[in-house]
Every structure is written in C-alpha cells, then in structure tokens.
Amino acid sequence: QLDEHEFNTLQLDQHGPLAVLTLNRPRALNALSAETFGEIAEAIDLIMDNAEIGALIVTGGGEKAFVAGADISELAALDGVYAGREASLAGQDVMHQLSSLPIPVIAAINGYALGGGLELALACDVRVAATNARLGLPEVTLGLLPGYGGTQRLSRLIGVGRALDLMLTARQVTAEEALRMGLVNYVADDALSRARELAESMLRHGPIALSLVKEAVRRGMDTTLEGGLEIEADLFGMAMSTQDFKEGTAAFLAKRRPEFKGE
Ligand code: CO8
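Taking UniProt numbering, the leading residue of the sequence shown gets 3, the next gets one more, and so forth.
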C-alpha cells in the first residue's frame with residue numbers, strides 16, 4: 003500500500019488502482035523545496051513499483067493553493083551560474099520522471115498554480131482547474147525565467163504566442179481563461195472530484211493502450227511528423243499483439259464490457 007510511506011512535505015494515498023499525491027506544505031502554499039522534489043521522486047518510484055496503480059492525481063493540500071511555485075527562500079540562497087543550472091536540471095529531471103510515468107496523470111489545480119507549480123501541472127497529462135484557480139509563470143518578477151520545463155512545455159501546449167504573453171507579462175489567468183487557451187482541460191467547482199471521475203473513466207480502458215497513447219504523443223513531440231508516424235505505427239503493432247486488444251474487440255462484438263488485464 004502506498005499510504006504506508008511517511009513523507010514530510012507531501013502525502014501519497016491509494017484508493018484501489020488510483021494514487022493521489024497531495025503536496026502538503028500549506029503554510030508555504032505548498033511551494034516546492036528541495037526536500038519536496040526528493041519526496042516527489044520517491045513517490046514516483048513507489049508508484050512505478052506498484053503494479054496495481056493505474057492512474058495518478060496530483061493536487062495541493064489546504065484551501066488556497068495547488069503549488070505557489072519553487073520555494074523562494076531556497077531560491078534566494080542559491081548563487082551563481084553553476085548552482086542555478088544544477089537546481090534547474092534537478093527539478094526538470096523530476097518533472098520528466100512524472101511526465102514519463104506510463105499511467106495517466108491528472109493535475110487537480112485547487113487554487114494558485116504559479117511558477118514551478120504551473121510547471122508541475124504542465125508535466126501532468128490532463129489538467130482540471132478549480133473555479134478559484136489562478137495560473138501563471140511570474141518568474142520574471144523575480145528576475146528569473148521558468149526553470150522546470152515551463153518555457154518548453156507551455157509553448158508546446160498552448161502555442162508560442164500565448165506562452166510568451168504569459169511569461170513576459172507574468173500575469174495570472176483565471177480558470178476560465180486558462181480553459182479558453184487550452185492551458186487546462188476542465189474547470190470544476192471541486193477539481194479533485196472531477197479529477198477522480200476522469201481517472202475512473204480512464205481506468206476502465208486497457209492500461210497498455212493508455213501507456214502507448216502517452217508514449218506515442220510524448221515521443222512524437224520530439225520528432226518530425228514522419229518520425230512520429232513511424233513511432234505510432236510501431237506502437238500500434240505492439241498494441242495489436244496484446245491480450246487486451248483481443249479482449250476489447252471480443253467484448254465489443256459480444257456487446258459486453260471488456261475486462262482488461264494489462265497483458
Ligand atoms: N515560496 C516560499 N514561500 C511562499 C511561496 C513560495 N513560492 N509562495 C507563498 N509563500 C509563503 C508566503 O511567504 C507566506 O508565508 P508567511 O505566512 O510565513 O509570510 C505564505 O506562503 C502565504 O503566502 P501570502 O501571505 O503571500 O499569501 P497571499 O494570499 O497574500 O498571496 C500568492 C498568495 C499571490 C500566491 C503569493 O504568496 C505569491 O505571490 N507567492 C509567490 C508566487 C511566485 O512568485 N511563484 C513563483 C516562484 S519562482 C519559481 O517557481 C521558479 C521555478 C523555476 C526555478 C528553477 C531553478 C531552480
């Protein structure tokens with residue numbers, strides 16, 4: 003059980019096949035400290051080692067924030083090109099581990115998602131914003147730029163023009179505006195319960211197919227259309243060799259619900 007592990011800055015809960023990772027430093031609006039990054043990496047390892055887990059929700063503890071960014075008091079103590087580059091690479095690495103998980107990862111954005119907090123949400127597959135959420139990349143107000151993948155993931159997600167606007171103005175957008183620009187997929191009064199509903203619907207599908215969708219999309223982003231189509235065809239071949247494919251088609255033809263085993 004994932005819940006058996008103790009963390010200082012987050013909480014990891016398991017509800018059957020669903021894991022919920024809650025960033026939990028409400029007094030600092032769940033800001034990402036070096037300790038938090040270490041604990042997120044540990045949580046990811048536990049999830050990877052647990053074959054029962056088929057989906058993950060990432061959310062923030064407390065009323066006000068998903069995550070209000072990197073921990074600014076820790077950032078302020080860093081000095082120089084080397085320290086900055088290393089801190090950026092270390093954070094990017096954890097974001098990459100999260101986005102590479104072979105299961106669907108949903109961000110339930112319950113309040114502020116600023117700076118590193120928005121970058122964390124961008125490393126997830128699907129984003130649900132609570133009606134009161136505020137999203138933005140205010141790094142330039144601190145004399146910085148996003149350093150946990152934001153300059154790259156935001157541009158890929160919503161386009162260069164909109165991404166540059168958000169990063170250069172440092173403005174916060176509401177959940178509704180985020181929805182209009184494709185920054186979030188859904189807006190709901192209760193982001194966590196909407197995220198749970200989405201996770202449950204995803205968990206009904208073949209887990210191998212879900213992981214192959216993620217792989218095709220993610221690897222395709224880093225290559226040409228031609229290269230991406232080749233990746234898609236390779237992964238399609240893999241999907242067709244699974245028992246899940248046989249079960250899915252047999253269930254459709256028999257007019258019953260499929261029972262996928264992930265084989
Ligand atoms: N880091 C540390 N502490 C924080 C942070 C943060 N990012 N955000 C809030 N807190 C703390 C506050 O200091 C305050 O603590 P205390 O009660 O001890 O004074 C507590 O949380 C509550 O915050 P506020 O009193 O400010 O709450 P408000 O409701 O008045 O305001 C805001 C909420 C608007 C979210 C405000 O707290 C704010 O602007 N926070 C900072 C947001 C920000 O600039 N985030 C970006 C940080 S930079 C970043 O993420 C860079 C990522 C890339 C780095 C890569 C290289 C390492």
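Cβ coordinates follow ideal geometry from the N, Cα and C atoms, glycine included.
Following the continuous beta strand (DSSP E) through residue i, name the residue where it begins and the one where it ends.
i, result
"residue 17", "12-17"
"residue 68", "67-69"
"residue 93", "Element bounds for residue 93: not the beta strand (DSSP E) but the alpha helix (DSSP H), 82-101."
"residue 138", "136-138"
"residue 189", "188-190"
"residue 20", "20-25"
"residue 33", "Taken as a continuous stretch (DSSP letters only), residue 33 belongs to no beta strand (DSSP E), as it is neither H nor E."
"residue 53", "Segment: none, residue 53 is in no beta strand (DSSP E) and carries neither H nor E."
Taking the alpha helix (DSSP H) that residue i belongs to, which residues open and close that run?
i, result
"residue 38", "36-50"
"residue 238", "227-242"
"residue 159", "152-160"
"residue 108", "Unbroken run through residue 108 is the beta strand (DSSP E), 107-111; no alpha helix (DSSP H)."
"residue 251", "245-255"
"residue 181", "177-182"
"residue 123", "118-124"
"residue 79", "74-79"
"residue 210", "209-223"
"residue 2", "Residue numbering for the chain in the displayed model covers 3 to 265; residue 2 lies beyond these limits and cannot be assessed."
Does ligand 1 have a heavy atom nearer than 6 Å to the CB of residue i?
i, result
"residue 265", "no"
"residue 73", "yes"
"residue 124", "no"
"residue 30", "yes"
"residue 150", "yes"
"residue 118", "yes"
"residue 70", "yes"
"residue 90", "yes"
"residue 33", "yes"
"residue 65", "no"
"residue 141", "yes"
Grab me the residues of residue i's own chain with a C-beta within less than 6 Å of its C-beta, minus the 5 sequence neighbours each way, in chain order.
i, result
"residue 109", "60, 123, 126, 129"
"residue 1", "The question about residue 1 has no answer, for the chain in this structure spans 3 to 265."
"residue 63", "24, 26, 28"
"residue 21", "4, 49, 55, 58"
"residue 206", "none"
"residue 216", "none"
"residue 149", "90"
Excluding the 5 residues flanking residue i on each side, which residues of the same chain have their C-beta closer than 7 Å to its C-beta?
i, result
"residue 204", "57, 106, 212"
"residue 134", "113"
"residue 152", "120, 121, 124, 139"
Under 7 Å between C-beta atoms, does residue i make it to chain D?
i, result
"residue 68", "Here there is only one protein chain, and chain D is not present."
Which residues in the same chain have their Cβ closer than 8 Å to the Cβ of residue i, if we skip the five residues on either side of it in sequence?
i, result
"residue 175", "136, 137, 138, 168, 183, 185"
"residue 234", "218, 222"
Can you determine whether any heavy atom of ligand 3 sits closer than 6 Å to the C-beta of residue i, and answer yes or no?
i, result
"residue 114", "You won't find ligand 3 in this model; what it holds is ligand 1."
- Are there three or more Cβ pairs, one per stretch, closer than 8 Å when the segment 74-91 is compared with the segment 156-164? no
- Query: Do the segment 114-122 and the segment 55-73 touch if we need at least three Cβ pairs shorter than 8 Å?
  - Reply: yes
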